[in-house]
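Reading through the structure tokens given below for one structure.
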Amino acid sequence: MILDEDERATSRVLSELHRNGWLDAGVASSPELEPDRLYALSSAGRSEIARAVGISPSVLGQELPVDPQELAYRWARVETTVGLNRFVAELVAAVHRTTNLRVEALRSLPRRRAKWACWPAEVEAYGCLRADESLAPFFIAWDRAAAPFHHRRKRLSAWYAFSKEQQAWGHEVPPILVLCANVNTSAQWANAAQASAERHADRPLPVLLAEIDAVFSADPLDELWRNSETNLEAALTERLNWRGQVPDESHLRALANLPQTASQQVPMRSVLAAADTSERRDPMSYRQLGVMEKRFIDWLAFHPLLTAEDLSLLVHCRRQQAQVVLKRLNEADLTKGIVKRKSDDGCDETYYFLARVGLEILALRDGVPVRRYARYAAIAAAVNGWHGEGRLQTLLRQFDHTVGINQFCVRMVGEAERHGATAIRWLSASDSAARFSRGDAYRWLRPDSIVDLSWHGTTRRYFLEWDRGTERIQQLREKSFTYAAYFSWLSNNGVTEDCLPMLLVVTTSTSREDLVRRTLRSTFQDAEQSPEHCLTSLISLVERYGSCGPVWLPSSANRRQPLLMSEAK
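Be aware that the sequence shown starts at 50, since it is given in the numbering used here, and climbs by one per residue.
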């Protein structure tokens with residue numbers, strides 16, 4: 050797509066360059082990607098390109114991400130690397146389809162930034178479009194869903210700092226195209242950009258926002274891009290700032306000499322012998338982990354204290370296979386386990402959670418400094434002595450509560466699939482928290498968990514409250530009041546009755562369930578909301594018949610029914 054050449058011809062050229070030692074190759078392994086062969090310059094290729102440009106390989110590495118450390122970093126962030134490459138390829142293809150545009154420049158940028166660099170920190174690429182004599186430069190920043198809001202604010206601060214420095218662009222820093230992970234992170238970027246402008250008492254940065262899925266399902270030049278001040282979408286060419294020239298520093302160096310052809314290369318054995326040994330990586334680095342191992346790490350990061358059986362259901366593998374994977378992760382210090390005796394059968398069970406090394410791998414994957422990731426991301430890991438360690442400690446102290454929620458949600462995901470529904474997402478308590486307005490103030494809704502199910506073409510959100518009977522009546526009323534206020538806020542913002550979420554409350558005894566039902570009816574009626582969106586059940590019934598079984602009691606009925614039957618109503 051980038052070269053506008055036939056794919057077979059391109060594959061032959063890549064294979065020849067690889068055989069002659071110019072390129073290294075590897076296969077992308079990630080739950081987010083289809084397996085594919087990826088290529089990068091080898092040590093010999095870097096040396097020859099540097100010779101052709103007329104500079105040393107180290108200087109070349111300051112301008113392009115070609116040195117061993119940069120390539121290792123891109124393998125660790127293979128999801129971002131592949132996503133950025135795809136965006137670049139589709140942008141070039143879109144430009145080729147126009148009659149008045151061409152690509153003037155487009156390159157990935159090194160992570161390590163020299164002081165004289167003409168690009169800000171925390172961006173992945175630079176590009177420039179040309180229309181006749183006009184130029185439109187821009188930078189590209191890739192967003193990861195798991196990156197915390199605090200990290201997005203820090204990236205914006207780095208861009209602001211660059212705009213105030215003495216740099217080649219002066220006061221007209223090019224726009225930064227932010228490829229947002231989803232709609233929620235897009236809103237975070239917009240809010241952070243506006244707040245940053247207020248703090249600096251300045252106009253907002255020229256940040257252009259678009260969701261990744263929207264860009265890849267359309268044309269990158271389409272009306273997808275908006276700035277932080279408006280939701281109005283416009284074409285990319287309308288959002289970019291056109292000018293007559295760009296600084297010389299933004300241009301790549303011209304070739305002083307032509308690179309040697311393949312026939313002039315030294316034999317392959319000599320090339321490999323001269324290769325930089327620093328490119329050899331730890332066998333348990335993110336690149337070397339398989340898809341199954343990466344799925345397990347992700348699940349344990351956001352939902353600690355899962356068992357081998359839980360994970361086998363979530364990733365659709367046999368329990369024995371899950372045990373083998375977990376043993377391998379434990380031996381590599383990526384995860385840890387705690388053994389507890391189950392009350393139902395008296396057998397020992399191991400409950401797993403993320404270790405510090407696993408956290409470091411995920412932080413690198415998402416491009417976030419590890420301590421910032423531990424402190425602000427919605428994950429829990431064993432990071433003793435760091436900010437953020439309290440998250441896992443709280444879950445361990447509330448062990449029965451945490452495990453009860455996990456088992457309920459795992460069963461709900463599995464049983465829903467057997468009933469023809471699809472679990473879209475399962476959010477932990479950290480990810481489930483939502484802020485909403487009530488009058489002139491803001492309130493926070495903090496469910497124990499959220500599960501989104503798609504059934505018969507519609508998606509419904511389920512809030513879960515796992516009540517072990519330890520909360521006082523006043524606490525129960527306050528929580529019920531918050532839910533009623535949240536449902537009222539949704540209705541006032543145009544959410545129709547059939548699209549409102551469902552509240553599931555699982556408690557310990559029939560007397561406690563009666564108290565919960567009376568409290569919910571009272572608070573929802575006071576808020577002029579229907580309590581029909583509230584279902585209650587007992588822990589004993591859920592454990593016996595399942596999360597989707599005939600265990601749910603509507604507020605206006607005395608007969609229990611299956612979860613999806615209540616949804617059909």
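Glycine residues also receive a C-beta, built at the ideal position from the N, C-alpha and C atoms. These figures come from a predicted structure and were not determined experimentally.
Practice prompt. Please list, in chain order, all residues of the same chain as residue 295 whose beta carbon is under 7 Å from its beta carbon, the five residues on each side excluded.
Written response: Apart from the 5 residues on each side of it in sequence, residue 295 sits with its Cβ closer than 7 Å to the Cβ of 177, 184, 186 in its chain, given in chain order.
Practice prompt. Within 10 angstroms of the Cβ of residue 301, are there 16 or more other Cβ atoms? Answer buried if so, exposed if not.
Written response: With fewer than 16 other beta carbons inside 10 angstroms of its own, residue 301 counts as exposed.
Worksheet item: From what residue to what residue does the alpha helix (DSSP H) around residue 110 run?
Response: 106-112 is the extent of the alpha helix (DSSP H) around residue 110.
Discussion item. For residue 515 and residue 443, I'd like the C-alpha separation in whole angstroms.
Written reply: As the crow flies, the alpha-carbon of residue 515 is around 16 Å from that of residue 443.
Practice prompt. Determine, using beta carbons only, whether residue 576 and residue 606 come nearer to each other than 8 Å.
Written response: No, Cβ-Cβ distance for residue 576 and residue 606 is not below 8 Å.
Worksheet item: What span of residues does the alpha helix (DSSP H) with residue 348 cover, start to end?
Response: Residue 348 -> alpha helix (DSSP H) spans 340-351.
Discussion item. Just to confirm my understanding: we take residue 470, look at its own chain, exclude 5 residues before and 5 after, and list those with CB closer than 6 Å. What are they?
Written reply: The answer, listed in chain order, is 502, 504.
Discussion item. Pop quiz: residue 500 and residue 491 are said to be a contact at Cβ under 8 Å. What is the actual Cβ separation, rounded to whole angstroms?
Written reply: Incorrect: roughly 25 Å between the Cβ atoms, too far for contact.
Worksheet item: DSSP three-state call for residue 32: helix, strand or coil?
Response: No statement about residue 32 is possible, as the shown extent of the chain runs from 50 to 618 and does not include it.
Discussion item. Using 8 Å as the cut-off, can you tell me whether the segment 421-430 makes contact with the segment 396-412, which would need three or more C-beta pairs spanning the two stretches below that distance?
Written reply: Between the segment 421-430 and the segment 396-412, the count of C-beta pairs closer than 8 Å reaches three or more; the two stretches touch.
Worksheet entry | Exposure label - residue 281; buried when at least 16 CB within 10 Å | It counts as exposed.
Fill in: residue 474 - containing beta strand (DSSP E), residue span
Unbroken beta strand (DSSP E) run through residue 474: 471-476.
Practice prompt. Give the DSSP bridge partners of residue 499, in chain order.
Written response: Under DSSP, residue 499 takes part in a beta bridge, and its partners are 476, 512.
Worksheet item: Among 153, 152, 151, 168, which has the Cα closest to the Cα of residue 159?
Response: Measuring from the Cα of residue 159, the nearest candidate turns out to be 168.
Practice prompt. Give the secondary structure of residue 276 by DSSP, where H, G and I count as helix, E and B as strand, and everything else as coil.
Written response: Per DSSP, reduced to three states, the secondary structure at residue 276 is strand.
Worksheet item: Would DSSP call residue 150 helix, strand or coil?
Response: DSSP places residue 150 in coil when its eight states are reduced to three.
Practice prompt. Identify every residue that forms a DSSP beta bridge with residue 259.
Written response: According to DSSP, which records beta bridges pairwise, residue 259 is partnered with 228.
Discussion item. Short of 6 Å in beta carbon distance, which residues of its chain neighbour residue 217, apart from the five on each side in sequence? Order them along the chain.
Written reply: Excluding sequence neighbours, residue 217 sits near 167, 296, 298.
Worksheet item: Taking the beta strand (DSSP E) that residue 74 falls in, what are its first and last residues?
Response: Taken as a continuous stretch (DSSP letters only), the beta strand (DSSP E) holding residue 74 covers 72-76.
Worksheet entry | Option nearest residue 478 by Cα separation, candidates 583, 565, 445, 351 | Cα-wise, what sits closest to residue 478 is 351.
Discussion item. Per DSSP, what are the beta-bridge partners of residue 504 in this structure?
Written reply: In the DSSP output, where bridge partners are listed per residue, residue 504 has 507.
Fill in: Beta-carbon proximity of residue 260 to residue 231, cut-off 8 Å
Their beta carbons are under 8 Å apart, which means residue 260 touches residue 231 by this criterion.
Practice prompt. Closer than 8 Å by C-beta to residue 473: which residues in its own chain qualify, once you throw out the five before and the five after it? Chain order, please.
Written response: Scanning its chain for C-beta atoms nearer than 8 Å, with the 5 sequence neighbours on each side dropped, one finds around residue 473 the residues 501, 502, 503, 508, in chain order.
Worksheet item: What are the uninterrupted segments assigned as beta strand (DSSP E) that are 3 or more residues long and contained completely in the segment 375-463, given in chain order?
Response: The segment 375-463 contains these whole beta strand (DSSP E) runs: 384-390, 397-403.
Worksheet item: Hey, how far is the Cα of residue 381 from the Cα of residue 254?
Response: Rounded to the nearest angstrom, the two C-alpha atoms are 43 Å apart.
Worksheet entry | Coarse secondary structure for residue 176, derived from DSSP in three states | Residue 176: strand per DSSP, three-state reduction.
Worksheet entry | Boundaries of the beta strand (DSSP E) in which residue 61 is found, first to last residue | Where residue 61 is concerned, there is no enclosing beta strand (DSSP E), although the alpha helix (DSSP H) around it starts and stops at 56-68.
Worksheet item: Applying the criterion that 16 or more other CB atoms from any shown protein chain within 10 Å of the CB defines a buried residue, is residue 387 buried or exposed?
Response: The residue in question, residue 387, is exposed, as its Cβ has fewer than 16 Cβ neighbours within 10 Å.
Worksheet item: Is the segment 538-555 in contact with the segment 574-592, if contact means three or more CB pairs nearer than 8 Å?
Response: Yes, the segment 538-555 is in contact with the segment 574-592.
Item to complete: Label residue 622 either buried or exposed according to how many other C-beta atoms from any shown protein chain fall within 10 Å of its C-beta, with 16 as the threshold for buried.
Response: Lying outside 50 to 618, the shown extent of the chain, residue 622 is not represented and no answer is given.
Worksheet item: What is the DSSP secondary structure of residue 167, reduced to helix, strand or coil?
Response: Note: residue 167 maps to coil in three-state DSSP.
Discussion item. Taking contact to mean 3 or more Cβ pairs, one atom from each stretch, closer than 8 Å, check whether the segment 350-366 and the segment 448-466 are in contact.
Written reply: Three or more Cβ pairs drawn from the segment 350-366 and the segment 448-466 lie within less than 8 Å of each other, which places the two stretches in contact.
Discussion item. Can you tell me whether residue 254 is helix, strand or coil according to DSSP?
Written reply: Coil at residue 254, not helix or strand.
Worksheet item: When the distance is taken between beta carbons, is residue 150 closer than 8 Å to residue 224?
Response: With contacts defined by Cβ atoms closer than 8 Å, residue 224 and residue 150 do not form a contacting pair.
Practice prompt. Below 7 Å CB to CB, which residues in the same chain sit around residue 125 once its five sequence neighbours on both sides are set aside?
Written response: These residues qualify, in order along the chain: 334, 335, 336, 413, 414.
Worksheet item: Distance, Cα to Cα, residue 213 vs residue 220?
Response: So the two alpha carbons sit approximately 8 Å from each other.
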